[in-house]
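Here is the structure we will look at.
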Amino acid sequence: MRVEEIYLLTQSVQREREARLQAEKKLSQKIDELSQTKEQFRLLNDSLTQQIAEKVQELRRSDQEHRQLIESVHDIIYKVSPIDGTFTYVSPVVERTLGYMEEELLGKPYNYLVIPDYRGMLHDFYMSMLRDKVDNTYQEFPVLCKDGSQCWIGQTVRLVTNEDGKWELVAVARNITDQKEIEKALVSAQIRLTTVISSSVSAVMIEDENHAIVLINRMFCDLFGLNELDFQQDVPICSIPFRLVAHLFEEPEKERKRVNDLLQNRRVVLGEEVCMADGRQFERDFIPVFRDDQYMGHLWRYTDVTEKYLAREQLRKSEEKYRGIMNNMELGLLEVDNNQTIVRAYERFCQMLGYTSDELIGQNAAELLLTPAAREVVARQQVIRKQGLATSYEIPLRHKNGQTLWVLISGSPIMDEHGTIIGSIGIHYNLTERKQLEIEVAQAHKLAEESRQAEKQFLANMSHEIRTPLNAIIGMTHLLYDTRPSQEQLEYLDIIRSSADFLHSLISDLLDMAKIEAGRVEVHREPFDLAGLLRSLQKIFQMRLQKRPVVMDVMLDARISGKYIGDELMLNQILLNLLGNAEKFTEEGSIVLTARVRKKEATRTWIEFQVSDTGIGIPSDKVERVFQKFRQISPQGHKHKGTGLGLAITKELVELQEGKISVRSEEGEGSVFTFSLPYELVMTEENTPEEILANETTGKVENMTILVAEDNLMNQRYVSGLLKKWGVTFTIANDGQQAVDICRKQKFDLILMDIQMPVLTGYEATIAIRSIDNLNQQTAIVALTASAMLDQKEMAIKVGMDGFLSKPFPPDKLLTVLKQYATEEQAQVVGHVASGVVTHPLDYDRLSELYGDDTDYAASMFETFLETVLTEFDAFDILIQQQRWDDVRQLAHKLKPTLGMVGLSDLEAMMIQLEEMMQAEPDANTVRHLWHTFRYDLMSRQPLLQTQWQNYLIRK
Ligand code: ADP
Numbered sequence: 001m002r003v004e005e006i007y008l009l010t011q012s013v014q015r016e017r018e019a020r021l022q023a024e025k026k027l028s029q030k031i032d033e034l035s036q037t038k039e040q041f042r043l044l045n046d047s048l049t050q051q052i053a054e055k056v057q058e059l060r061r062s063d064q065e066h067r068q069l070i071e072s073v074h075d076i077i078y079k080v081s082p083i084d085g086t087f088t089y090v091s092p093v094v095e096r097t098l099g100y101m102e103e104e105l106l107g108k109p110y111n112y113l114v115i116p117d118y119r120g121m122l123h124d125f126y127m128s129m130l131r132d133k134v135d136n137t138y139q140e141f142p143v144l145c146k147d148g149s150q151c152w153i154g155q156t157v158r159l160v161t162n163e164d165g166k167w168e169l170v171a172v173a174r175n176i177t178d179q180k181e182i183e184k185a186l187v188s189a190q191i192r193l194t195t196v197i198s199s200s201v202s203a204v205m206i207e208d209e210n211h212a213i214v215l216i217n218r219m220f221c222d223l224f225g226l227n228e229l230d231f232q233q234d235v236p237i238c239s240i241p242f243r244l245v246a247h248l249f250e251e252p253e254k255e256r257k258r259v260n261d262l263l264q265n266r267r268v269v270l271g272e273e274v275c276m277a278d279g280r281q282f283e284r285d286f287i288p289v290f291r292d293d294q295y296m297g298h299l300w301r302y303t304d305v306t307e308k309y310l311a312r313e314q315l316r317k318s319e320e321k322y323r324g325i326m327n328n329m330e331l332g333l334l335e336v337d338n339n340q341t342i343v344r345a346y347e348r349f350c351q352m353l354g355y356t357s358d359e360l361i362g363q364n365a366a367e368l369l370l371t372p373a374a375r376e377v378v379a380r381q382q383v384i385r386k387q388g389l390a391t392s393y394e395i396p397l398r399h400k401n402g403q404t405l406w407v408l409i410s411g412s413p414i415m416d417e418h419g420t421i422i423g424s425i426g427i428h429y430n431l432t433e434r435k436q437l438e439i440e441v442a443q444a445h446k447l448a449e450e451s452r453q454a455e456k457q458f459l460a461n462m463s464h465e466i467r468t469p470l471n472a473i474i475g476m477t478h479l480l481y482d483t484r485p486s487q488e489q490l491e492y493l494d495i496i497r498s499s500a501d502f503l504h505s506l507i508s509d510l511l512d513m514a515k516i517e518a519g520r521v522e523v524h525r526e527p528f529d530l531a532g533l534l535r536s537l538q539k540i541f542q543m544r545l546q547k548r549p550v551v552m553d554v555m556l557d558a559r560i561s562g563k564y565i566g567d568e569l570m571l572n573q574i575l576l577n578l579l580g581n582a583e584k585f586t587e588e589g590s591i592v593l594t595a596r597v598r599k600k601e602a603t604r605t606w607i608e609f610q611v612s613d614t615g616i617g618i619p620s621d622k623v624e625r626v627f628q629k630f631r632q633i634s635p636q637g638h639k640h641k642g643t644g645l646g647l648a649i650t651k652e653l654v655e656l657q658e659g660k661i662s663v664r665s666e667e668g669e670g671s672v673f674t675f676s677l678p679y680e681l682v683m684t685e686e687n688t689p690e691e692i693l694a695n696e697t698t699g700k701v702e703n704m705t706i707l708v709a710e711d712n713l714m715n716q717r718y719v720s721g722l723l724k725k726w727g728v729t730f731t732i733a734n735d736g737q738q739a740v741d742i743c744r745k746q747k748f749d750l751i752l753m754d755i756q757m758p759v760l761t762g763y764e765a766t767i768a769i770r771s772i773d774n775l776n777q778q779t780a781i782v783a784l785t786a787s788a789m790l791d792q793k794e795m796a797i798k799v800g801m802d803g804f805l806s807k808p809f810p811p812d813k814l815l816t817v818l819k820q821y822a823t824e825e826q827a828q829v830v831g832h833v834a835s836g837v838v839t840h841p842l843d844y845d846r847l848s849e850l851y852g853d854d855t856d857y858a859a860s861m862f863e864t865f866l867e868t869v870l871t872e873f874d875a876f877d878i879l880i881q882q883q884r885w886d887d888v889r890q891l892a893h894k895l896k897p898t899l900g901m902v903g904l905s906d907l908e909a910m911m912i913q914l915e916e917m918m919q920a921e922p923d924a925n926t927v928r929h930l931w932h933t934f935r936y937d938l939m940s941r942q943p944l945l946q947t948q949w950q951n952y953l954i955r956k
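Using UniProt numbering, the letters of the sequence shown map in sequence onto residues 1 to 956.
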């Protein structure tokens with residue numbers, strides 16, 4: 001061994017030892033250290049354990065909180081295994097929300113609660129989620145709650161990996177039922193709104209705040225000619241540029257400005273009128289929409305009101321027209337409600353009463369305008385108005401200035417569309433001026449009435465005063481004629497007589513008219529001999545016309561016979577007037593008085609009288625006026641005396657008896673006055689047609705003894721002069737009392753009694769004579785009175801007088817009266833006077849040729865002729881007067897054979913002659929003459945026809 005090696009070895013052993021020592025030292029150090037560390041570790045471990053324990057404690061606590069946290073959340077949290085889709089965790093909230101316990105759900109498939117209809121959809125959804133690894137989704141669906149109800153769930157599902165690195169679905173589900181309900185309500189509200197707007201008759205467009213169209217309906221498109229399809233998009237579209245529709249407006253520029261204004265101002269504007277270029281009329285609404293003061297857009301609404309506009313225009317025009325008319329017509333209109341409150345006052349009404357319309361409206365019309373008296377009238381009218389009736393009435397109104405104003409109101413109810421009366425309208429016509437006039441007229445009328453009364457009184461008084469001396473004048477004149485006057489005196493007498501006669505008729509006319517006008521004339525119906533009256537008139541006028549080439553004829557219907565009940569006095573006066581006129585105005589030719597039966601009623605017979613003449617006639621334009629008072633129509637140059645009252649009186653008298661009078665006349669062609677009056681027939685055995693033809697008697701009265709009660713000396717002398725002349729014995733009483741006294745002592749055949757006498761009047765004396773037992777209780781008393789008043793006659797009859805003689809009376813009137821009361825022996829029959837009816841026989845040969853023994857046939861022919869054919873001849877009068885020759889010819893042709901059938905062969909010949917005359921232009925005068933002759937003949941043959949007919953009837 002080498003030293004070095006040993007050395008080296010030693011060295012190495014050394015170093016090893018040293019190292020070992022070192023190591024040992026280190027080890028012991030380490031052991032120390034370790035034991036230290038061990039202690040420390042133990043300490044540490046202790047504290048760790050402590051800490052862990054605390055941590056665990058803490059953890060436990062946090063889990064609790066966590067759980068509490070999860071439980072406190074309203075949302076349901078659950079986990080689903082992606083492998084089998086079952087619930088692996090469900091937060092306990094599920095019980096509160098859906099009513100299920102956690103345990104009930106764990107292990108169940110995730111769609112266990114989902115309403116079956118939605119399960120498929122959900123399955124697909126989650127499958128795609130898993131497939132596509134979409135880690136977060138949201139879904140809504142309905143589920144079934146434990147209690148059977150349904151609720152909507154909105155859930156977020158996340159796809160997560162768990163600690164094992166596996167996929168898991170974690171869902172947070174929330175009950176969104178309430179939200180769903182709200183959503184549903186919102187949707188239906190929106191649908192409703194959209195539907196309403198779409199189907200609205202108005203055009204609607206809704207724009208948002210940026211003017212993009214949100215909604216536009218069909219009507220809008222139609223009105224503006226837009227294509228609806230352009231706007232049927234879900235997304236808002238742009239607004240319609242105004243220039244697209246500008247041309248549709250009547251004034252595009254103005255409209256554009258207006259639309260801009262509206263958009264800027266954002267204020268609601270309703271019912272704005274818009275005129276379109278094509279004449280249509282729109283109404284526009286602009287409604288801005290705000291939410292919490294924030295502008296959200298706006299709505300445009302247009303309505304086509306063209307029809308309404310036109311109707312309104314029309315109404316306005318017609319209202320304007322009527323207002324114009326009303327204003328021009330001076331009619332004031334006022335409308336009030338049922339409480340009389342003024343609803344509307346028209347301009348003219350306001351003017352009428354001095355108020356403005358504003359002052360009137362709302363006021364109570366009755367309180368403001370009516371006087372208390374007028375209020376009652378109006379209240380009565382209101383009652384009528386409430387029955388729905390219209391009336392007119394006159395009332396005074398108060399003008400604003402206090403003056404009274406008379407108005408005529410025509411009021412009618414105003415009804416609403418259900419027919420309920422809601423007020424009334426009155427049309428007022430200002431009558432103030434007329435009222436004033438009426439008052440003046442009434443005053444004038446009163447004055448006139450007073451003066452008329454005075455006049456009547458005056459007339460009545462004067463009648464006595466004038467008639468008495470006139471009576472004497474006429475009477476004395478007649479007496480003077482008998483004193484053998486010289487030729488000169490005779491002429492004077494004629495003048496006196498005619499003047500006095502005229503004066504007499506004048507006064508009679510005036511008095512008659514006065515009586516008629518005072519309504520004091522009454523019809524007195526008594527039996528009288530109608531035919532006799534007519535014949536006596538004929539005689540009077542035949543006598544008067546003796547010196548003139550005028551024939552006076554009476555033609556009497558054969559059926560007029562016997563006594564008729566009627567007012568003889570009136571008929572006499574009427575006929576006297578008409579015949580008197582005919583006499584006055586006829587210089588030559590004929591005057592014919594015709595009477596025929598016109599109509600037979602149950603108890604009455606209407607008799608038509610006709611007075612025709614061939615005189616001067618009446619110009620056709622004046623014919624209508626002849627019946628007016630004081631009218632004289634005589635042609636120029638023709639002067640006659642008259643009052644112009646005759647026909648007026650005649651007309652009144654005819655009408656008083658229910659009759660009618662008419663005239664047919666032509667200048668130069670004569671006149672025909674016709675009137676009909678009703679009479680009752682007194683049926684007696686002597687009333688045979690023959691009786692009418694009976695003779696009249698005149699008689700002498702020499703052996704009569706008469707009492708004349710008369711206070712007036714002149715009259716006494718007049719009457720006594722006449723009585724002496726006729727050889728009548730008489731006694732004069734100067735007053736009523738004397739008359740009564742004389743009557744006790746001496747029996748008279750007749751008493752003539754003046755009415756107006758001193759001591760006792762004629763009435764009083766008559767009453768005394770009639771009531772006290774005396775020799776003359778039964779003696780006839782005839783009143784003499786200067787008054788022609790009919791009421792005096794009535795009075796006379798009432799007190800028991802038998803007759804009435806109006807002064808002044810001509811001698812023959814007095815004689816007639818005397819004869820009437822003379823006894824048989826006193827009145828001697830002195831002769832017969834022909835009836836004036838000339839009768840030719842019928843053509844009996846012809847009749848027997850025609851009818852032989854067939855009396856039935858003959859009777860019917862006669863009956864037809866008398867009842868119907870006869871009146872047809874009347875037509876000739878007019879036809880000839882109007883010179884209608886062709887018609888005359890035709891009528892003559894038609895009627896001629898009827899004449900032959902009833903045996904009037906000669907008249908048939910005349911008809912033939914008439915017919916032949918018509919062949920050439922005939923001479924009017926000749927025709928007239930032939931016709932008059934024919935007519936006269938026909939009338940006079942009527943009694944004969946009547947008799948013949950009766951004969952046939954008897955033989956039947
Ligand atoms: P006066 O008393 O004047 O005759 P009337 O009333 O009797 O009044 O007649 C009125 C007028 O009618 C007469 O003035 C006359 O002009 C006319 N008149 C009446 N009757 C006839 C007639 N038969 N012929 C012609 N004119 C007549």
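Quick reminder that beta carbons are idealized off the backbone N, C-alpha and C, glycines included.
Answer yes or no: the CB of residue i versus the heavy atoms of the ligand ADP, is any distance below 6 Å?
i	result
Thr477	no
Asn572	no
Gly668	no
residue 983	Since the first and last residues shown for the chain are 1 and 956, residue 983 lies out of range.
Thr643	yes
residue 1010	In the structure as shown, the chain starts at 1 and stops at 956, and residue 1010 therefore has no counterpart that could be examined.
Quick one: what does DSSP say residue i is sitting in, helix, strand or coil?
i	result
Asp117	helix
Ser424	strand
Glu588	coil
Arg158	strand
His524	coil
Asn364	strand
Asp358	helix
Thr371	coil
Less than 8 Å between the CB atoms is what I'm expecting for residue i and residue j, so what's the real figure, rounded?
i	j	result
Asp754	Glu710	4 Å
Leu556	Glu583	Not a contact, Cβ separation roughly 20 Å.
Ser671	Gly617	6 Å
Ile607	Ser676	7 Å
Arg941	Leu904	6 Å
Any idea if residue i is buried or exposed, counting beta-carbon neighbours within 10 angstroms, 16 or more meaning buried?
i	result
Phe748	buried
Leu511	buried
Met329	exposed
Ala834	The predicted model places Ala834 with a pLDDT of 30, which falls under 50 and marks its position as unreliable, so this point remains unresolved.
Tyr763	buried
Thr195	exposed
Arg192	exposed
Met296	exposed
Can you tell which of the options has the C-alpha that lies nearest to the C-alpha of residue i?
i	options	result
Leu784	Asn774, Asp773, Lys813	Lys813
Ile213	Ile240, Gly225, Gln190	Ile240
Val592	Met276, Ala444, Ser905, Ser612	Ser612
Asp567	Lys317, Asp529, Glu588	Asp529
Asp84	Glu65, Leu169, Val56	Leu169
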